[in-house]
Amino acid sequence: MARIGSKPTKVTRILHSRALNRSKYDRLVEIAALCGRVRGDAWQRCSGWSTAQQSPREIRDDWMAEGYDWHGLPARLGRATLLDALGDIHACREAAKVPVKKAVWRRTEGDEEERHRLYSLLKQNRWTEDSFLHRHMR
């Protein structure tokens, strides 16, 4: 992730190769498809609230401990793909908090203590502890 100003920004780079033969190209296409399957598994297994409290390293270590097969990818590429997908999941969660913060602001007009409590839960990813936050974050 690159930083522009104070906000993190996702950067995509496209590389062009001049001396890429057909077998290398086919292998890269195969690796891209396998990476897509790992990313799909990450979104399926890790985008719910049960993993909101876990760090990406804890999730990666859990996958390694259970013997995840990485769909035939080399483990190094699989782990890197998983960490990248977890970063995207985290970014989506953070983006989902923006309208929730506005809803908290509207709901807690005049009650500074409750607003602070809800903002703290949201910031600490403990939004499952409050039914209002949980409902809005789903």
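Using the numbering used here, the first residue of the sequence shown is number 215, and each one after it goes up by one. Where is the CB? At the ideal position from N, CA and C, for every residue including glycine. A quick note: this is a predicted structure, and the numbers were derived from the prediction, not measured.
For Ser264, there is no enclosing alpha helix (DSSP H), as DSSP gives it neither H nor E. If the five residues before and after Ala266 are omitted, its C-beta is found closer than 6 Å to the C-beta atoms of Asn339, all from its own chain and listed in chain order.
Shown here, Thr342 sits in a helix according to DSSP, grouped into three states.
The segment 282-294 makes no contact with the segment 325-335; the number of CB pairs closer than 8 Å stays below 3. The beta carbon of Met351 lies closer than 7 Å to those of Ala310, Val314 and Trp341 in the same chain, with the five residues before and after it left out. When secondary structure is reduced to three states using DSSP, Thr223 falls in the strand class. Here Leu291 really is in contact with Cys249; their C-beta atoms are around 7 Å apart, less than 8 Å. Taking C-beta atoms as the reference points, Arg253 and Ala299 count as a pair closer than 8 Å.
When C-alpha distances from Ser269 are compared across Ile303, Phe346 and Ala233, the shortest belongs to Ile303.
Nearest to Ser261 by alpha-carbon distance, out of Glu323, Ala317, Glu308 and Tyr333, is Glu308.
Put simply, the backbone Cα of Tyr282 is about 17 Å away from that of Ile245.
A Cβ-Cβ distance of about 12 Å is found for the pair Tyr333 and Val312, leaving them out of contact under the 8 Å criterion. When C-alpha distances from Trp257 are compared across Arg320, Glu323 and Cys306, the shortest belongs to Cys306.
The residues Leu332 and Leu335, in chain order, have a CB closer than 7 Å to that of Asp344 in the same chain once the five nearest residues on each side in sequence are set aside.
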